[in-house]
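There are 2 protein chains.
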Amino acid sequence: MKRKAKPRDVNAAPAGRAPNPAPGEGPRGVKGHIGYLLRQAQAAFRLAGDAALADLELTLPQFGLLTLLGVYGPLSGASLARLSLQTPQTVDAVLKNLARAGLVARTPDPRHGRILLTALTPAGMARRAAAKRRIDALERRLTAGLGAEEERTVRAWLASVARDLLPR
Amino acid sequence: MKRKAKPRDVNAAPAGRAPNPAPGEGPRGVKGHIGYLLRQAQAAFRLAGDAALADLELTLPQFGLLTLLGVYGPLSGASLARLSLQTPQTVDAVLKNLARAGLVARTPDPRHGRILLTALTPAGMARRAAAKRRIDALERRLTAGLGAEEERTVRAWLASVARDLLPR
DNA sequence: TTCTGGATATCAGGCCTCTGATAAGTTATA
DNA sequence: TATAACTTATCAGAGGCCTGATATCCAGAA
Chain A
124 MKRKAKPRDV
134 NAAPAGRAPN
144 PAPGEGPRGV
154 KGHIGYLLRQ
164 AQAAFRLAGD
174 AALADLELTL
184 PQFGLLTLLG
194 VYGPLSGASL
204 ARLSLQTPQT
214 VDAVLKNLAR
224 AGLVARTPDP
234 RHGRILLTAL
244 TPAGMARRAA
254 AKRRIDALER
264 RLTAGLGAEE
274 ERTVRAWLAS
284 VARDLLPR
Chain B
124 MKRKAKPRDV
134 NAAPAGRAPN
144 PAPGEGPRGV
154 KGHIGYLLRQ
164 AQAAFRLAGD
174 AALADLELTL
184 PQFGLLTLLG
194 VYGPLSGASL
204 ARLSLQTPQT
214 VDAVLKNLAR
224 AGLVARTPDP
234 RHGRILLTAL
244 TPAGMARRAA
254 AKRRIDALER
264 RLTAGLGAEE
274 ERTVRAWLAS
284 VARDLLPR
């Protein structure tokens, strides 16, 4: 997934007559559906993250898995799936792309004939470290406007959403 | 996109020896990367929303467009894209599925030979109303644990993320 | 020891989302 | 008027995400 600066923002208001309703009201803005706000915030972060990682030839989901592998060492696809709250199929697909790029290597678990252990390659470690600096900077922007108490509130809410809504 | 109750949660801990690191620490949980928390919260909402709409044969993105069309009336794909902060291509893809299901109808704008105006069909209006009840209930769960001040904080933060990070 | 159920990997198919590129209609300007 | 710039729709391709369905491996029960 390549990223470049948009030549012209597709989401800008049109130049001619404005067939567009007022942006401040309706389902958008602070008063809108909170699910809508959540989706927009995540989409914005995903976009910004992908843009920040573009010249590293990484996507945000790929960086996510590299991070987990960096922290927890070699893992099976299934473990990675549980850790990242994704399905094994999703993880497998992302892993395939990472393996194709040589950032990750998959070897059979010596103690279990079915498990494929995935580990960072040296190239993967380097790429992860470079990407981490970009994403850390991005995340600082995310909380820059928040006071300590507000950040606690936001973090607690985000965690509670995943905890309460996910099928247990 | 069909949804059903999972026969067995793929993300549950394995029965045998636990090759899984402790879930409370690392990049997850309240202390983790806020981008990660954001992604998980949005994924959980997406999952729960899709599950809530499954028997209506709707996805959350489809419901989003139905809502916009319900509020703002017939719109071009480009307007819908600006309104929902998505690309015209994305909107077009979702609209195609909605049109195939007979929930929206696309007719050429009489005043502009290029524009296709998309409007809800009667079936689309009914489906949207039914879906709205489910999603409203889901969103109430999202804010159930928040005080008024906390909810303001969360909403303001979500809106600010989209506002600050999106390419302007 | 054999069988059965759980765990793992992965193929198939579908939807959403983006970037890039192209074609066609409209509007503004030289 | 002719041309350029902008807007809209849409094809093509890729990545990430999910549900279903298989096949294989392993461990515990009968």
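So the protein sequences, as listed, match chains A and B.
Residue numbers for the first sequence follow this note's numbering, so the first one is 124 and each next one is one higher.
Residue numbers for the second sequence follow this note's numbering, so the first one is 124 and each next one is one higher.
The beta carbon of each residue, even a glycine, is placed where N, CA and C say it ideally should be.
Asked: Quick one: measure Cβ to Cβ for L306(B) and L198(B), integer angstroms, because I've assumed they're closer than 8 Å.; Found: Absent from the model: residue 306(B). The displayed extent of chain B is 124 to 291, so no value can be given.
Asked: Pull the bridge partners of R229(B) from the DSSP assignment, please.; Found: T241(B)
Asked: Which of helix, strand or coil does DSSP assign to A282(B)?; Found: helix
Asked: Would you mind telling me which residues of chain B sit closer than 9 Å to T266(A), beta carbon to beta carbon, in chain order?; Found: I157 and W280
Asked: Does G172(B) have its Cβ less than 8 Å from a Cβ in chain A?; Found: yes
Asked: Secondary structure at L161(A), three-state DSSP: helix, strand or coil?; Found: helix
Asked: I think R256(A) touches L243(A), with their Cβ atoms under 8 Å apart; what is that distance to the nearest whole Å?; Found: That pair is no contact at about 17 Å.
Asked: Please check the pair E262(B) and H156(A), which I expect to be a contact at CB under 8 Å, by giving their CB distance rounded to whole angstroms.; Found: 6 Å
Asked: Locate the alpha helix (DSSP H) running through Q185(A), then write down its first and last residues.; Found: L183 to Y195
Asked: Taking C-alpha atoms, which residue in A224(A), A260(A) and T230(A) lies nearest to A171(A)?; Found: A260(A)
Asked: Out of curiosity, what's the CA-to-CA distance linking F186(A) and K219(A)?; Found: 14 Å
Asked: Could you compute how far the alpha carbon of S283(A) sits from the alpha carbon of Y195(A)?; Found: 24 Å
Asked: By the three-class DSSP mapping on this structure, what secondary structure does L288(B) have?; Found: helix
Asked: Could you check which residue in A285(B), P245(B), P233(B) and F168(B) has the C-alpha nearest to that of L221(B)?; Found: P245(B)
Asked: Between the Cα of E180(B) and those of R278(B), L161(B), G225(B) and H235(B), spot the shortest distance and give me the residue it belongs to.; Found: G225(B)
Asked: Strictly below 7 Å CB to CB, what residues from chain B border V153(A)?; Found: R278, A279 and A282
Asked: By the 10 Å Cβ neighbour count, where 16 or more other Cβ atoms means buried, how is R237(B) classified, buried or exposed?; Found: exposed
Asked: Chain A partners of L160(B), CB-CB under 8 Å?; Found: R278, L281, A282 and A285
Asked: So with Cβ pairs under 8 Å, would you call A175(A) a contact of chain B?; Found: no
Asked: When you compare only the Cα positions, how much space is there between A216(A) and P233(B)?; Found: 46 Å
Asked: Give a yes or no on whether the C-beta atoms belonging to L206(B) and A164(A) are separated by under 8 Å.; Found: no
Asked: Using a Cβ cut-off of 8 Å, which residues of the segment 240 to 271 of chain B contact any Cβ in chain A, in chain order?; Found: I258, L261, E262, R264, L265, T266, G268 and L269
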